[in-house]
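Structure first, commentary second.
Rendered as structure tokens:
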């Protein structure tokens, strides 16, 4: 089912229940949906993530990577996600959740300060 609206409660419920989460941005700084989904999901959902997403470098190991303009590649990734073995889904979900929890807001803020220091 597809929902198109700004409803926080519904969004969290959807993230808890997804089998596959497609985050297919062309370019952006940091997509928090790609980080929130794996942490709250209860079903070992598979993250399908654009190679140009700002969080791709952090989450690539556990995600299926797609080019944001490749429709056939995205279709294949969606198929792979919904036919993946339970063991592989669990392994990927664990990698994603651990990565997000390990690189929390404190870690992110520290990196921002280091980047600023490099500019000075």
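In the working numbering, the protein residues as written are 3 to 122. Built from N, CA and C at the ideal position, the CB exists for glycine as well. The structure displayed is predicted, hence computed values, not measured ones.
Segment limits, alpha helix (DSSP H) that includes residue i
i: residue 14; result: 10-19
i: residue 22; result: Note, residue 22: premise wrong, no alpha helix (DSSP H); beta strand (DSSP E) at 22-25.
i: residue 73; result: 73-85
i: residue 61; result: 58-61
i: residue 34; result: 34-42
Per-residue burial, residue i [other beta carbons within 10 Å of its own, 16 or more giving buried]
i: residue 107; result: exposed
i: residue 50; result: buried
i: residue 88; result: exposed
i: residue 81; result: exposed
i: residue 10; result: exposed
i: residue 119; result: exposed
i: residue 8; result: exposed
i: residue 15; result: exposed
i: residue 116; result: exposed
i: residue 37; result: buried
i: residue 60; result: buried
i: residue 84; result: exposed
i: residue 122; result: exposed
i: residue 66; result: buried
Per-residue DSSP class, three states only, for residue i
i: residue 107; result: helix
i: residue 96; result: helix
i: residue 6; result: coil
i: residue 28; result: coil
i: residue 55; result: coil
i: residue 122; result: coil
Chain-order list of residues whose beta-carbon lies under 8 Å from that of residue i (same chain, five-residue window excluded)
i: residue 95; result: 40, 43, 46, 47, 48, 64
i: residue 123; result: The structure shown does not extend to residue 123, since the chain spans only 3 to 122, so no value can be given for it.
Cutoff 7 Å; reference residue i; Cβ partners in own chain excluding five residues on either side
i: residue 75; result: 68, 69
i: residue 27; result: 33, 52, 54, 55, 70
Run of the beta strand (DSSP E) containing residue i, from where it starts to where it stops
i: residue 66; result: 66-68
Cβ shell of residue i (< 6 Å), same chain only, five flanking positions each side left out
i: residue 29; result: 54
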